[in-house]
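The next block holds one structure in the form of structure tokens; read it before the comments.
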Amino acid sequence: MPPSTGETASHARSPSGAPRRGAVVAPPAPLYRAGMEGRSIMENELLERLRHSAAHVMAQAVKDLFPEAKLAIGPPIQDGFYYDFDVARPFTPEDLERIEARMREIVAADHPITRSEMSREEAIRHFGDRGERYKVELIREIPEETVSLYTQDGFTDLCRGPHVESTGEVKAVKLLSVAGAYWRGSEKNQMLQRIYGTAWPTREALDAYLANLAERERRDHRRLGRELDLFSSREEMGAGLILWHPKGAMIRHLIESFWKEEHLKRGYEFLYTPHIASEEIYRISGHLQNYAENMYAPLEIEEHPYRLKPMNCPGHILVYKTHLRSYRELPIRYAELGTVYRYERSGTLHGLLRVRGFTQDDAHIFCTPEQLVGEVIGVLDFVDFLLRRFGYTYKAYLATRPEKSLGSDDVWEHATRSLVEALEARKLTYEVDPGGGVFYGPKIDIKLYDALGREWQGPTVQADFNLPERFDVTYVGADGAEHRAVMIHRVVLGSMERFIGGLIEHYAGAFPLWLAPVQAILIPIATRHGDYAHQVAAELRAAGLRVSVDDRSEKTGFKIREAQVQKIPYMLVVGNREIEQQSVSVRSREAGDLGAMSVEGFLSKAQAEMAMPG
RNA sequence: GCCCUCGUAGCUCAGACGGCAGAGCACAUUCUUGGUAGGAAUGGGGUCCCCGGUUCGAUUCCGGGCGAGGGCUCCA
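Under numbering that gives the first Met the number 0, the first residue of the first sequence is numbered 0, with each subsequent residue one higher.
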């Protein structure tokens, strides 16, 4: 079965849920650490306890203000907590303010939080009498005979604990948002109202967190995409379909060119495969049987059903199969910037991060079982090289055999051991994700960390035993007999859409010189300096720089402001002095005015900067 | 797909009891030629998301749809 290479699997962004386990390869150096990494277990426990108590304080406040509200669950989560309530009407922002005000009173009163126990039957009666049907449902599923309860100020909640000693310890808390959430996460159940909040040990920590939220908002790739004129999506075009504007397309072109060069250096060959294909190919691959819900409905072409391509692998396999292959040819590495289309539910679409049409930086490696380790090492080397170029740090996970899976124990054992050997050869620490593999083979998942310390789904490397069987992918060995080839699916960047969406936020729109769509802008002081500006621009362009000229009749300060807002790395101011000295006055986006230098001087400075990217 | 919120100029957003539609930025023209983060004037620009209903009259109220945002679910 096809790989859920990067794009389809997992979350668009995942600052979510539980603390992440596992070792960090190179410690991220974020402005702020979003997750639990970097804190001691003790600190994490304290934070969880605090946030759990904050959830109880909120629940009490809600019950005080909305006595008819029914309590569901209210756990601590990364950076905060939530609590789900069953209420007749949804909470409004004004309600949140009232709830928060009531919470402050409860905190100020510093009520002790005490633990007690009840027998199950007693607890069921206790909550049943109060109409708390969700609590009753929870208690019924607790195997123990006694359950624990926590009480503050006459408000009692079923809870495993632990909690802080008193409500006064919940010092820095803020309610953030309200959202619908299903009871127990199932669409079939009642929709509840979930209030999210955040809680910290000190006011300063809360402020730092809120500042970080504001920074995320400032860096939002959808906002920057519009402000920097990089891309758009339009209702008339269709949801989840991206239009790349010249500047965004330039960034993409630069990344794709870089990607292609580096693939050629590493022995990959390029393929192009069609965007639509006969249903037959997807019947053979098994997509039709197993992936249909992500595929678009068939198109009729002369009475034959065709489908939009959801994955690239079938095409690559067909290319492999056009010849009888010898072991001497292997490994064969086919790469394609392959555009695929997958159905995503409307509610899940999000900017560039979750779309319906996207281009994967896909590759399939066909090799012998003996070559598997070496090939995986090669991919991991490549991953390391590429991610470093973009300034990401990362962490590896090994996903092993799930319960439902294809293939013999031997084959799984061999493949899993190969992946482990590769990880160890690369000296990568990794976390095992038991049973997290796909049913056709184990995989290595790489998660990366951006400048804000957020975690993103990164490269995946997957061994596949299924497609080689389905398509009968073989090679002739040294013994003259046919052998089953091993296939590796891998993406490094994931998809161009998601990767660039992430990069925009990672760089906050200020792309490094080698990726900046406009690297330098000439700013003539007065109209009469325009000719010189155009002349310098032509010189720099001839040397390979991406340069524009702002020859509008505006004041210098205005042009500088605009170039700065557009995050153009260099502004070259030219007036009488520069013409006389045949120079440019250089202003850097980061460092401000650098003074005058010759055109060649600026050129070699820029070239040096591009030679050491990242 | 589900819940909530939102949809007014290219963008960001005001607005009204149901009675000729507003600002800033952007754009055009003119003036200005100014040395490192916003010079001035004038002007053009609207199906107030779409369809239907109520009404003398709907951008405003009601219903449905589409789209966006925040979540949930799915994707492990």
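From the three backbone atoms N, C-alpha and C, an ideal C-beta is built for every residue, glycine too.
For Ile-331 and Asp-409, the rounded distance between their alpha carbons
24 Å
Please classify Ser-407 as buried or exposed, where buried requires at least 16 neighbouring CB atoms within 10 angstroms.
exposed
Would a C-beta distance cut-off of 8 Å place Asn-465 and Tyr-439 closer than the cut-off?
Their beta carbons are under 8 Å apart, which means Asn-465 touches Tyr-439 by this criterion.
Just the Cα atoms here: how many angstroms apart are Leu-427 and Lys-442?
15 Å
Please specify which runs of the alpha helix (DSSP H), each continuous and at least 4 residues long, are wholly inside the region 77–122, giving them in chain order.
Listed in chain order, the complete alpha helix (DSSP H) runs (minimum 4 residues) inside the region 77–122 are 92–108.
Restricting to Cα atoms, I'd like to know which of Val-56, Trp-243, Arg-114 and Gly-160 is closest to Leu-227.
The alpha carbon of Leu-227 has as its nearest neighbour, out of Val-56, Trp-243, Arg-114 and Gly-160, the alpha carbon of Trp-243.
Can you tell which of His-220, Tyr-319, Gly-356 and Leu-229 has its C-alpha closest to the C-alpha of Leu-336?
Gly-356
According to DSSP, is Leu-521 helix, strand or coil?
Taken through DSSP and simplified to helix, strand or coil, Leu-521 comes out as strand.
Report yes if the C-beta distance between Ala-71 and Phe-80 is below 8 Å; otherwise report no.
no
Can you list, in chain order, the residues of its chain with a C-beta nearer than 6 Å to that of Leu-205? Leave out the 5 residues immediately preceding and following it.
Ala-171 and Trp-199
Member of Ala-122, Phe-154 and Arg-218 whose CA lies at the smallest distance from the CA of Pro-111
Phe-154
Roughly how far, in whole angstroms, is the beta-carbon of Tyr-396 from the beta-carbon of Asp-360, given that I think they are within contact range, below 8 Å?
The beta-carbon separation of Tyr-396 and Asp-360, rounded to 20 Å, does not stay under the 8 Å limit for a contact.
Based on Cα-Cα distance, which residue from Glu-120, Thr-166 and Ile-520 lies nearest to Ser-147?
Glu-120
As assigned by DSSP and simplified to three states, the class of Ile-578
helix
Is the beta carbon of Glu-143 less than 8 Å from the beta carbon of Lys-69?
no
Starting from the Cα of His-51, find the closest Cα among Leu-157, Glu-67 and Ser-115 and give me that residue.
Leu-157
Could I get the ranges of all uninterrupted alpha helix (DSSP H) runs contained in the region 172–221, with 4 residues as the minimum, in chain order?
202–218
Ignore the nearest five residues each way along the sequence and tell me which others in Pro-75's own chain have a CB closer than 6 Å to its CB.
Glu-47, Arg-50 and His-51
Over the uninterrupted alpha helix (DSSP H) stretch that includes Glu-504, give me the two end residues.
495–505
What does DSSP give as the partner residue(s) for Glu-599 in the beta ladder?
For Glu-599, which the question treats as bridged, DSSP gives no partner whatsoever.
Span of the beta strand (DSSP E) around Ala-480:
Per DSSP, Ala-480 belongs to no beta strand (DSSP E) and is neither H nor E.
For Asp-63, does the three-state DSSP call read helix, strand or coil?
helix
Report the rounded CA-to-CA distance for Leu-539 versus Val-564, giving the unit in angstroms.
23 Å
Smallest Cα separation from Gln-606: which of Arg-129, Arg-251, Leu-544 and Arg-588?
Checked all of Arg-129, Arg-251, Leu-544 and Arg-588; the closest Cα to Gln-606 is Leu-544.
How would you write the range of the alpha helix (DSSP H) that Pro-245 sits in, first residue to last?
245–264
Per DSSP, what are the beta-bridge partners of Arg-353 in this structure?
His-349
Three or more C-beta pairs under 8 Å: does that hold for the region 344–354 against the region 314–328?
no
DSSP three-state call for Met-609: helix, strand or coil?
helix
Beta-carbon spacing of Gly-435, Gly-493 below 8 Å
no
Helix, strand or coil, according to DSSP, for Thr-559 in the structure here?
Note on identity: in this sequence residue 559 is Ile, with Thr being the wrong assignment. If DSSP states are grouped into helix, strand and coil, Ile-559 belongs with the helices.
DSSP three-state call for Cys-312: helix, strand or coil?
Cys-312: helix per DSSP, three-state reduction.
Closer than 7 Å by C-beta to Tyr-305: which residues in its own chain qualify, once you throw out the five before and the five after it? Chain order, please.
Ile-275, Ala-276, Ser-277, Glu-278, Pro-297 and Leu-298
Can you tell me the Cα-Cα spacing of Gly-160 and Tyr-149, whole angstroms?
Near 8 Å, if we compare the C-alpha coordinates of Tyr-149 and Gly-160.
Would you kindly work out how many angstroms separate the C-alpha atoms of Ala-537 and His-528, rounded to a whole number?
15 Å
I need the straight-line Cα distance from Asn-575 to Val-177, nearest angstrom please.
59 Å
Under the three-state DSSP convention, the category Pro-26 falls into:
Bear in mind that the predicted position of Pro-26 carries a pLDDT of just 31, short of 50, making it too unreliable to give a figure here.
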